[in-house]
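Asks: Okay, handing you the structure first.
2 protein chains.
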Amino acid sequence: MNTPRPRGPGRPALTRTDGTPLRVLVVDDDPDLAEVLSGALRYEGWEVRTAGDGVSAVAAARELLPDAVVLDVMLPDTDGFAVLRSLHAVRPDVCVLFLTARDAVEDRIAGITAGGDDYVTKPFSLEEVVARLRGLLRRAGMARQLEDGPRLTVGDLVMDEEAREVTRGGELVELSRTEFELLRLLMRNPRRVLSKAQILDRVWSYDFGGQAHVVELYISYLRKKVDAGREPMIHTVRGAGYVLKPVTR
Amino acid sequence: MNTPRPRGPGRPALTRTDGTPLRVLVVDDDPDLAEVLSGALRYEGWEVRTAGDGVSAVAAARELLPDAVVLDVMLPDTDGFAVLRSLHAVRPDVCVLFLTARDAVEDRIAGITAGGDDYVTKPFSLEEVVARLRGLLRRAGMARQLEDGPRLTVGDLVMDEEAREVTRGGELVELSRTEFELLRLLMRNPRRVLSKAQILDRVWSYDFGGQAHVVELYISYLRKKVDAGREPMIHTVRGAGYVLKPVTR
DNA sequence: GCAACCTCTGAGCCCGCTCTCAGCGCGCGG
DNA sequence: CCGCGCGCTGAGAGCGGGCTCAGAGGTTGC
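Protein chains in written order, with my numbering: chain A, 191 to 439; chain B, 191 to 439.
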C-alpha cells in the first residue's frame, strides 16, 4: 500500500535541519486506521507513506528512508520486533512509535522504550500519537522546528509537555489527563477556532462512541482551572467552537 | 553484524576530553539483547557498534577502536577471555564490561576485574549496565562529562553512585538494590514523567515477565523512605507515570 | 539450618476521573 | 419582547488506576 498524497498541510512542513521535509511511515493492517493516522500526520506537516504488513513495511522503508515509523505491533505476517531490527538495518537512526492493544498484555514491548523509542496503547487519540512522535523527534534532535524544547507558551500560560506541568502566570495548574490533552490541542492552535467535532476527533480516542457534549464539559473544567478568577483566555464562538487567545490589554 | 547508528541521542553525546564521541562495541550472540543494549547505550550518548561472535568482534574492534566493550563471556566461537586478549592487543586501555551467567566461574572473573574492568551477571537491568559503564569510564578518566564525580543531586536529595549511599537533607536513607536503581533512574531524569513501562524496561531485568504492578509497589517503598514525613518529591501523574521533582517553595 | 531480608504476587480498597443526565441561563433570531 | 436552542454546569454513577497490606518464595549471611 502506497499513498503519496501531496495535500498541503495545515501546518508548515516539518523539516530536518537541512531543510528537507520529515518523512514518516505508518504501518497498520487496518486500512481505516492507517488512513486516519496518515491524514492527521500529513496535517501536522509530515510527508507520509503507509504499509499494511511487515514485508511491505520494510520494502517501503528501504525506498522512503523515513525519519520515523508508526508501527502496529500486531501485524499479519511478522511481529513488530522483527520489523524493528530490519528497520534499524535500513536506517539506524529511525525513531519508532509502537501501537499496541491494551489487553494484549505480553505484546513483547519489553525493552522497547529503553532505546528512546516509545509506544501508545490502542485505543489512542490522535493528539497522543502526534505528541509522542514530536517527543521522539525532539529528543533525537531531528526536527528544526522542535529545537526550542518541550515548552508551549500562549500569553502567560505555559505548558511543559515532558513534566506534564502547566502554569498560568507562574501559578501551578493541576490537570487531569483529558484536560491536559485538550489544553495542549488548544495551545498548539492559539487564536484559531476549533469546532467541537475537531476537538473530539483529536483529543478523544477514535473509538469513542459518546456525545460531543463532553467537549463542553471539559472546556468548563478547563475554565475553572485555567481561567479561574483571571482574565479569560478560553472563548466560546457560538455555533463554531472554541478559541484560546492570549489576553489582550 | 555491524550497526553504525548515528541517531541523535536522548542525552548529550558522551565525549572524550578531545571532544570526539565515545565509542562502545557490544558483543553478544543474542540479537534481541544486542539490539536492546545498543539502543539503550546510544540513547545515553554513546556511539555504538555490535558484533555477534568473537571473530567479528575483533574485526570490528580493529576498525572502530572502541573506548569500551560490552562483552558476553559465552560466545558461539571463542570464549570472551580470548577476545579480551585480542582487544587489549588492539587497544591496551580499553574498558571492558563482561556479561556473565550467574553461576559462571567466579574466580576467572575476579582475576579479570582486578585489572579495572567490571562485570554484570545475567539477567541484568539496563540501568545496571549503563551505570557500570559510566563507572569504568569515570575511573579511567575518559569522559569529559563524568569528571565531576559520581554524585547525583536533586534538591536536597543526594546520591553517591559509587558508595551506593543516598541522603535526603543530610539524613542517610537506606535502600535495597531495586529501590536504589529505581531512584537512580528517577534522579537521572528529574522533572520528567517516566511511564511504568519505561521504568520497567530500564530498572527490571530484560527477561522479567511480571506485571507493571511492581513499579507501583517500589514507588510506594521509595516514598516511605525518601519522602517519609517530608515534603514529597515523588509525584504520581495519573495515566502517565511518575516524576521526581525538587521541592518548590 | 535458621534468620533476616528482599522481591514479587494477589486481593481489596479508595478515590480521582470520565461521562451521562438534567436543568438552567442566555444569546440570538423572529 | 418572546421563545428556541446552544451552551454551561451541578449532581452523581461507574470504572479503573493506583496504593497498600499480607504473605509466599527465594537468596544471603550467620
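We put the CB at the ideal spot given by N, CA and C, even for glycine.
1. What residues of chain A sit near G429 of chain B, judged by a beta carbon separation below 7 Å?
2. Identify which residue in B:Y411, B:G209, B:R252 and B:C285 has its Cα closest to the Cα of V363 of chain B.
3. By the criterion of Cβ-Cβ separation under 9 Å, what are the contact partners of R275 of chain A in chain B?
4. By the 10 Å Cβ neighbour count, where 16 or more other Cβ atoms means buried, how is E355 of chain A classified, buried or exposed?
5. Under three-state DSSP, which class holds P266 of chain A?
6. Starting from T343 of chain A, find everything on chain B with Cβ-Cβ shorter than 7 Å and list it in chain order.
7. Return the residue from the list A:V286, A:P202, A:T303 and A:A430 that minimises the CA-CA distance to E234 of chain B.
8. Is it buried or exposed, V427 of chain A, if we count other Cβ atoms within 10 angstroms and call 16 or more buried?
9. Less than 6 Å between C-beta atoms, sequence neighbours within five positions excluded: which residues of the same chain meet that for N192 of chain B?
10. Are the CB atoms of L289 of chain B and L261 of chain B within a distance shorter than 8 Å?
11. Name the residues in the stretch 391-420 of chain B whose C-beta lies less than 7 Å from a C-beta of chain A; which are they?
12. For the stretch 360-407 of chain A, list the alpha helix (DSSP H) runs that are entirely contained and at least 4 residues long, ordered along the chain.
13. Enumerate in chain order the residues of its own chain whose CB-to-CB distance from L375 of chain A is below 8 Å, with the five nearest sequence positions on each side excluded.
14. Are any of the Cβ atoms in chain A nearer than 8 Å to that of P196 of chain B?
15. Under 8 Å, Cβ to Cβ, is there at least one residue of chain B near T210 of chain A?
16. Can you tell me which of the three DSSP states E351 of chain B falls into?
17. Would V259 of chain A and V214 of chain A be called neighbours here (beta carbons separated by less than 8 Å)?
18. How big is the Cα-Cα spacing for G360 of chain B and A418 of chain B?
19. In angstroms with no decimal places, state the Cα-to-Cα distance between R232 of chain A and P380 of chain B.
20. By Cβ distance below 7 Å, which residues in the same chain neighbour R322 of chain A in space, the five residues on each side in sequence not counted?
21. Closer than 8 Å, CB to CB, is G301 of chain A near chain B or not?
22. If you draw a straight line from the alpha carbon of R195 of chain B to that of G399 of chain A, how long is it in whole angstroms?
23. Nearest by alpha-carbon distance to P202 of chain A: which of A:D222, A:L326, A:V273 and A:R334 is it?
24. Is it true that the CB of Y396 of chain A sits closer than 8 Å to the CB of P313 of chain A?
25. Could you give the residue range of the beta strand (DSSP E) that holds R213 of chain A?
26. Go ahead and label S366 of chain B buried or exposed: buried means 16 or more other beta carbons lie within 10 angstroms of its beta carbon, across all protein chains shown.
27. I want to see whether chain A comes within less than 8 Å of V216 of chain B, judged by CB atoms only; does it?
28. Strictly under 8 Å for the Cβ-Cβ distance: is V383 of chain B near chain A by that measure?
29. Please list, in chain order, all residues of the same chain as T357 of chain B whose beta carbon is under 6 Å from its beta carbon, the five residues on each side excluded.
30. According to DSSP, simplified to helix, strand and coil, what is L255 of chain B?
31. So, does the CB of E352 of chain A fall closer than 8 Å to a CB anywhere in chain B?
32. Would you kindly report the start and end of the unbroken alpha helix (DSSP H) that includes A321 of chain A?
33. What does Y233 of chain B touch in chain A if you count any residue whose Cβ is under 8 Å from its own?
34. Inspect the beta-carbon positions of D267 of chain A and V284 of chain A and report whether they are closer than 8 Å.
35. Exposed or buried, L255 of chain B, counting other C-beta atoms within 10 Å across all chains shown (16 or more means buried)?
36. Exposed or buried, what is E421 of chain A when buried is set at 16 or more other beta-carbons lying within 10 Å of its beta-carbon?
Replies: Result, derived from the coordinates:
1. R367
2. B:Y411
3. P221, D222 and E225
4. buried
5. coil
6. Near T343 of chain A there are no residues of chain B at all, since even the closest Cβ is about 17 Å away, more than 7 Å.
7. A:T303
8. exposed
9. Because the pLDDT at N192 of chain B is just 45, under 50, the model does not fix this residue reliably, and the point stays unresolved.
10. yes
11. D391, R392 and Y396
12. 367-378 and 386-393
13. E317, L384, I389, R392 and V393
14. With a pLDDT of 47 at P196 of chain B, under the threshold of 50, the predicted position of this residue should be treated as unreliable, though the coordinate-derived value follows. Chain A contact via Cβ: present.
15. no
16. coil
17. yes
18. 14 Å
19. 33 Å
20. L287, D308 and V310
21. yes
22. For R195 of chain B, the predicted model reports a pLDDT of 40, less than 50, meaning its position is unreliable; a value from the coordinates is still stated below. Looking at the two C-alpha atoms, the distance is approximately 43 Å.
23. A:R334
24. yes
25. R213 to V217
26. exposed
27. no
28. yes
29. V348
30. coil
31. yes
32. L316 to A330
33. A304, G305 and G306
34. no
35. exposed
36. exposed
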